[in-house]
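According to full-length UniProt numbering, the sequence shown is numbered sequentially starting from 1.
A virtual CB, placed ideally from N, CA and C, is assigned to each residue, including glycine.
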Amino acid sequence: MLVLNCSTKLLILEKMLKSCFPESLKEVVLDSWPDFKAVITRRQREAETDNLDHDTNAYAVFYKDVRAYRQLLEECDIFNWNQVFQIQGLQSELYDVSKAVANSKQFNVKLTSFKAVHLSPVSTLPDTSFLKGPFPRLTYLSVAEADLLNRTWSRGGNEQCLRYITNLIACFPSVCVWDEKGNPVSWSITDQFATICHGYTLPEHRRKGYSLTLARKLQSRGFPSQGNASISLLKSLHAEFLPSRFHRLILTPATFSGLPHL
């Protein structure tokens with residue numbers, strides 16, 4: 001195993017992985033350098049963690065050789081097998097290999113899978129002229145709105161997700177539309193994998209073009225939507241639907257399976 005923390009090498013790795021895009025994402029843990037066969041992201045071990053928070057305890061995987069990925073998966077010091085965590089990736093063997101290793105460690109595996117998309121770079125910024133008046137107003141989210149996002153997100157409604165959303169708002173770009181009372185009525189947030197992971201418009205403010213404008217705004221800054229966004233929205237963003245699928249695996253130790261919110 002090799003952990004990259006050199007900015008120059010990370011830039012080189014980014015260029016190498018972009019040649020394989022959209023199957024790859026930027027990663028920081030490799031089996032070898034520079035002739036790597038598997039790459040994995042993970043949080044810094046020094047970061048504060050919640051063993052039940054699979055949104056934050058997240059890994060992304062890209063490999064050229066699935067056997068190299070399995071070897072990294074089986075090493076004891078790469079994945080934290082003492083907590084619930086998730087693995088994301090776009091390659092077909094990811095689920096079967098991950099599940100086989102997880103089963104040997106008495107972990108339960110829950111799979112979510114959906115069509116992968118590729119968003120072409122936009123040449124111009126979206127037209128936001130209708131949002132330049134006093135209200136409605138295009139702005140960004142603050143952590144004060146985290147509770148609202150937690151209540152309206154399909155994956156939300158619990159303390160782990162609330163903390164996760166709060167950290168996303170604090171650490172990563174977001175956009176939202178305010179109404180005349182200064183309340184958010186439509187928003188999009190990005191996650192640690194540089195994707196738009198949650199977008200929502202309050203029912204009474206829909207069909208005004210807010211979701212498309214917000215998605216285009218973030219897309220113009222290099223943040224793609226995840227494939228679980230609405231089909232109509234993705235088509236409006238000129239998304240290319242790929243033959244591969246996006247896989248999101250939630251791995252839970254058998255001893256944690258009876259706990260709430262897993």
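Checking the sheet assignment: what are the DSSP bridge partners for C161?
The sequence position of residue 161 within the sequence shown is 161, counting from 1. None, per the DSSP bridge assignment.
Near L149, what residues of its chain come up, given a Cβ to Cβ distance below 6 Å and the 5 sequence neighbours on each side ignored?
In the sequence shown, the residue the question calls residue 149 occupies position 149. The answer, listed in chain order, is I165.
Is L148 near the ligand MN, going by C-beta to nearest heavy atom under 7 Å?
The model depicted lacks the ligand MN and carries no ligand whatsoever.
Exposed or buried, what is residue 264 when buried is set at 16 or more other beta-carbons lying within 10 Å of its beta-carbon?
In the structure as shown, the chain begins at 1 and stops at 262. Residue 264 is therefore absent and cannot be evaluated.
Can the beta-carbon of L251 be found closer than 8 Å to that of I87?
Stepping through the sequence shown from its first residue, residue 251 is reached at position 251. Stepping through the sequence shown from its first residue, residue 87 is reached at position 87. In contact: L251 and I87 (Cβ atoms closer than 8 Å).
List the endpoints of the continuous beta strand (DSSP E) containing E240.
Here residue 240 corresponds to residue number 240 of the sequence shown, with the count starting at 1. Note, E240: beta strand (DSSP E), A239 to P253.
At what residues does the beta strand (DSSP E) containing A60 begin and finish?
Along the sequence shown, read from residue 1 onward, the residue named residue 60 stands at position 60. Note, A60: beta strand (DSSP E), A58 to Y63.
Throw me the rounded Cβ distance for the residue 274 and V117 pair, which I believe falls under 8 Å.
Here the chain has residues from 1 to 262 only, and residue 274 is not among them.
In terms of residue numbering, what span does the alpha helix (DSSP H) encompassing A215 cover?
Reading the sequence shown from its first residue, position 215 is the one you call residue 215. Counting along the chain, the alpha helix (DSSP H) containing A215 begins and ends at Y210 to Q219.
Below 8 Å on the Cβ atoms is my guess for L72 versus D31; work out the distance and round it to an integer in Å.
Here residue 72 corresponds to residue number 72 of the sequence shown, with the count starting at 1. Here residue 31 corresponds to residue number 31 of the sequence shown, with the count starting at 1. Between D31 and L72 the Cβ distance is about 6 Å, and since that is below 8 Å, they are a contact.
Below 8 Å between beta carbons: does that hold for T49 and T41?
In the sequence shown, the residue the question calls residue 49 occupies position 49. In the sequence shown, the residue the question calls residue 41 occupies position 41. Result no, Cβ atoms of T49 and T41 do not sit closer than 8 Å.
Between which two residues does the alpha helix (DSSP H) carrying V101 extend?
Residue 101 sits at position 101 when you count from the first residue of the sequence shown. Its alpha helix (DSSP H) spans residues L94 to S104.
Out of curiosity, what's the CA-to-CA distance linking E181 and S232?
In the sequence shown, the residue the question calls residue 181 occupies position 181. In the sequence shown, the residue the question calls residue 232 occupies position 232. Sequence inspection shows Lys at residue 181; the Glu mentioned does not correspond to that position. Computed Cα separation, rounded: 30 Å.
Taking DSSP's pairing of strands, which residues face H71 in a bridge?
In the sequence shown, counting from the first residue as 1, residue 71 sits at position 71. Reading the sequence as shown, one finds Gln at residue 71 and not His. Partner(s): none; Q71 has no beta bridge.
Excluding the 5 residues flanking F107 on each side, which residues of the same chain have their C-beta closer than 8 Å to its C-beta?
One-based indexing of the sequence shown puts residue 107 at position 107. Once the five neighbours on either side are set aside, the close Cβ partners of F107 are W81, L251, T252, P253 and A254.
Does the distance from the CB of K217 to the CB of V175 come in under 8 Å?
Counting from one through the sequence shown, the residue named residue 217 turns up at place 217. Counting from one through the sequence shown, the residue named residue 175 turns up at place 175. Yes, they are a contact pair.
Kindly list the residues whose CB is nearer than 8 Å to the CB of residue 271, restricted to its own chain and excluding five residues on each side of it in sequence; keep chain order.
This structure leaves residue 271 out entirely; the chain is present only between 1 and 262.
If we count the other Cβ atoms within 10 Å of its Cβ and call it buried at 16 or more, is D65 buried or exposed?
For this step, residue 65 is matched to residue 65 along the sequence shown. Exposed, because fewer than 16 other Cβ atoms sit within 10 Å of the Cβ of D65.
Between which residues of its own chain and E145 is the CB-CB distance below 6 Å, once the five residues before and five after are set aside?
Indexing the sequence shown from 1 puts residue 145 at position 145. Here the set comprises P184.
What would DSSP say about S257, mapped onto helix, strand or coil?
Start at 1 with the first residue of the sequence shown, and residue 257 comes out as number 257. Three-state DSSP puts S257 in coil, outside helix and strand.
Mapping the DSSP letters down to three states, classify K37 as helix, strand or coil.
Reading the sequence shown from its first residue, position 37 is the one you call residue 37. K37 falls in the coil class under three-state DSSP.
Grab the span of the alpha helix (DSSP H) containing L149 for me, first residue to last.
Position 149 of the sequence shown, counted from the start, is the residue given in the question as residue 149. From DSSP, the alpha helix (DSSP H) with L149 extends over A146 to T152.
Which first and last residues belong to the beta strand (DSSP E) in which T201 is found?
Start at 1 with the first residue of the sequence shown, and residue 201 comes out as number 201. From DSSP, the beta strand (DSSP E) with T201 extends over I196 to T201.
Measure how close the beta-carbons of A47 and Y69 come, nearest whole angstrom, since I'm counting them as under 8 Å.
Taking the first residue of the sequence shown as 1, we reach residue 47 at position 47. Taking the first residue of the sequence shown as 1, we reach residue 69 at position 69. Not a contact, Cβ separation roughly 23 Å.
Name the residue from L162, L11, I196 and E74 whose alpha carbon lies nearest to the alpha carbon of R151.
Sequence index remark: in the sequence shown, residue 151 carries index 151 (1-based). Taking only the C-alpha atoms, the option nearest R151 is L162.
Report the partner residues of K115 according to the DSSP bridge assignment.
The residue labelled residue 115 in the question sits at position 115 within the sequence shown. K115 pairs with R245.
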